[in-house]
Amino acid sequence: MTVQPEPRPEPRPQPLPSEPASRSRALWGGGGLIAALTVGAGAFFYTHNTATPPAPAIAPPAQNTPAVPAAQTAAVQLSMLSPAKAPSALAKSGFSPADRARILAAVKDGKMRLVEMPVLDASGAVGQTIDVTVSGLTQRVILTGKFQHLVIPIVEAGQILIAPVSMPRAPALTIGALTALGPQALPALTTLDQRVLLNVIVQ
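Taking the working numbering, I'd label the letters of the sequence shown as residues 30 to 232.
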């Protein structure tokens, strides 16, 4: 008779030791916590660093705002006053006493020259007011229909800036200047925003 071997019992899965299992669960739990914190922190810095700042409110375009015109330029040739005439010329100017003293001292030191440029309102009207600025000094002049004395201190490259103070009367304010070459009409002014910039040639 043939003897048949007895069937072997099938192996059963053995439970892992309790200590390693608890350690594995702890590692997985700790790793999950770290991952969650990392993702959370990353999301926080991402949203705070890449959040688009609120766009500034865009003002509606102005409908009736006129463009400010640039200064109109011209050149004038003016005669220099001798230093001996400086005191009497400055006495009739529109400068303050302190400015007159400063200008006179600069003329005596040769740092400044004085020129004359009588001005009038070419329309013959009276009362139009302008500011005449040169070398950082400003004179206020009320124009009339006749030439009136205007003495101007020039440093090196002389530029005279003329600005209307009172609104130019229609159709325009045209200033006449008496130069070394005779009467000269300066560029017309029609608004308070306009300026006339004169490049001075001293002879």
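Backbone N, C-alpha and C define an ideal beta-carbon position, used for all residues, glycine too.
Where DSSP assigns a beta bridge to residue i, which residues make up the other side?
i: P193; result: I159
i: A206; result: V148 and Q213
i: I183; result: R142
Does the ligand PLP have even one heavy atom less than 7 Å from the beta-carbon of residue i?
i: A192; result: As far as ligands go, the structure on display features none, and thus does not contain the ligand PLP.
For residue i, which option in the options has the closest C-alpha, if you only look at C-alpha atoms?
i: K137; options: Q168, A199 and L110; result: L110
i: F124; options: K140, E145 and I181; result: I181
i: V144; options: T219, T203 and P112; result: P112
Considering only residues of the same chain and omitting the five flanking positions on each side of residue i, which have a CB-CB separation below 8 Å?
i: R198; result: S152, A154 and Q157
i: S164; result: M141, P182, I183, V184 and G187
Roughly how many whole angstroms lie between the Cα atoms of residue i and residue j?
i: L179; j: T102; result: 19 Å
i: A100; j: S117; result: 32 Å
i: A127; j: L119; result: 11 Å
i: A206; j: Q213; result: 5 Å
i: V231; j: V194; result: 27 Å
i: D222; j: I132; result: 29 Å
i: G211; j: V105; result: 10 Å
Under 8 Å by Cβ, that's how I've got residue i and residue j pegged, so tell me the actual separation to the nearest angstrom.
i: T208; j: M141; result: 20 Å between Cβ atoms; not a contact.
i: L190; j: R224; result: 6 Å
Can you list, in chain order, the residues of its chain whose CB lies under 7 Å from that of residue i, leaving out five sequence neighbours each side?
i: G174; result: L149, D150, G153, A154 and V155
i: M196; result: L221
Please list, in chain order, all residues of the same chain as residue i whose beta carbon is under 6 Å from its beta carbon, the five residues on each side excluded.
i: R129; result: L119
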